[in-house]
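Numbering (our numbering), first residue to last: 44 to 161. Quick notes on the structure that follows.
Okay, here's the thing in structure tokens:
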């Protein structure tokens, strides 16, 4: 049986390679020690997000933990973000040993620097 993804319906996710490429090529990026954030206005009123965690970060258990943390941070704060944007959150090498609070602070720092809060 397929598990439903109620917190992230397909309309709120970047799922295709060409969607990621568009944000990478046309969007802006900012970074800190743990995270890189790419963002691009998408011309609509939907907010879409994608995550990228490289195998260089660690084994699958670590990568999945980081992805779960990113999803939780986004889920709790998505209503405070401006709409009409595509976001890609990319993990950097040092993130593997970071706590939830450190990752949340890093992501918030980028959201603030990118003026993505309402």
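Glycine included, C-beta positions come from ideal geometry on N, C-alpha and C. These numbers were taken from a predicted model, which means no experiment stands behind them.
For this session: With a cut-off of 8 Å on the beta carbons, I'd call residue 113 and residue 94 a contact; round off their distance for me.
Result: Within the chain shown, the letter at position 70 stands for residue 113. Within the chain shown, the letter at position 51 stands for residue 94. About 5 Å separates the Cβ atoms of residue 113 and residue 94, confirming a contact at the 8 Å cut-off.
Exercise. So residue 83 and residue 70 are in contact, right, with Cβ under 8 Å, and what is the actual spacing, rounded?
Worked result: Within the chain shown, numbered from 1, the residue matching residue 83 stands at position 40. Within the chain shown, numbered from 1, the residue matching residue 70 stands at position 27. At roughly 3 Å, the Cβ-Cβ gap stays under 8 Å, so residue 83 and residue 70 are in contact.
For this session: Please classify residue 77: is it buried, with 16 or more other beta-carbons within 10 angstroms of its beta-carbon, or exposed?
Result: Position 34 of the chain shown holds residue 77. Burial is judged here by how many other beta carbons sit within 10 angstroms of a residue's own beta carbon; residue 77 has at least 16 and is buried.
Exercise. Which residues mark the beginning and the end of the beta strand (DSSP E) in which residue 83 is found?
Worked result: Position 40 of the chain shown, counted from the start, is the residue given in the question as residue 83. 78 to 84 is the extent of the beta strand (DSSP E) around residue 83.
Exercise. Nearest-angstrom Cα distance between residue 72 and residue 123?
Worked result: Here the question's residue 72 lines up with position 29 in the chain shown. Here the question's residue 123 lines up with position 80 in the chain shown. Computed Cα separation, rounded: 20 Å.
Exercise. What are the boundary residues of the alpha helix (DSSP H) that includes residue 65?
Worked result: In the chain shown, residue 65 corresponds to position 22, counting from 1. Residue 65 -> alpha helix (DSSP H) spans 60 to 69.
Problem set entry | Chain-order list of residues whose beta-carbon lies under 7 Å from that of residue 87 (same chain, five-residue window excluded) | Locating residue 87 in the chain shown gives position 44, where the first residue counts as 1. Its chain contains 127 as the residues whose beta carbon lies nearer than 7 Å to that of residue 87, once the 5 sequence neighbours on both sides are disregarded; these appear in chain order.
For this session: Measure from the alpha carbon of residue 118 to the alpha carbon of each residue in 81, 79 and 151, then state which is nearest.
Result: The residue you call residue 118 lines up with position 75 of the chain shown. It is 151.
Problem set entry | Beta-bridge partners of residue 93, as assigned by DSSP | Position 50 of the chain shown, counting from 1, holds the residue named residue 93. Looking at the DSSP assignment, residue 93 forms a beta bridge with 131.
Exercise. If residue 131 and residue 109 are in contact, beta carbons under 8 Å, what's the gap, nearest whole angstrom?
Worked result: If you number the chain shown from 1, residue 131 lands on position 88. If you number the chain shown from 1, residue 109 lands on position 66. Residue 131 to residue 109, Cβ: 14 Å. No contact.
For this session: Taking all protein chains shown into account, decide if residue 66 is buried (16 or more other Cβ within 10 angstroms of its Cβ) or exposed.
Result: Mapped onto the chain shown, residue 66 falls at position 23. By the neighbour-count rule (16 or more Cβ atoms within 10 Å), residue 66 is buried.
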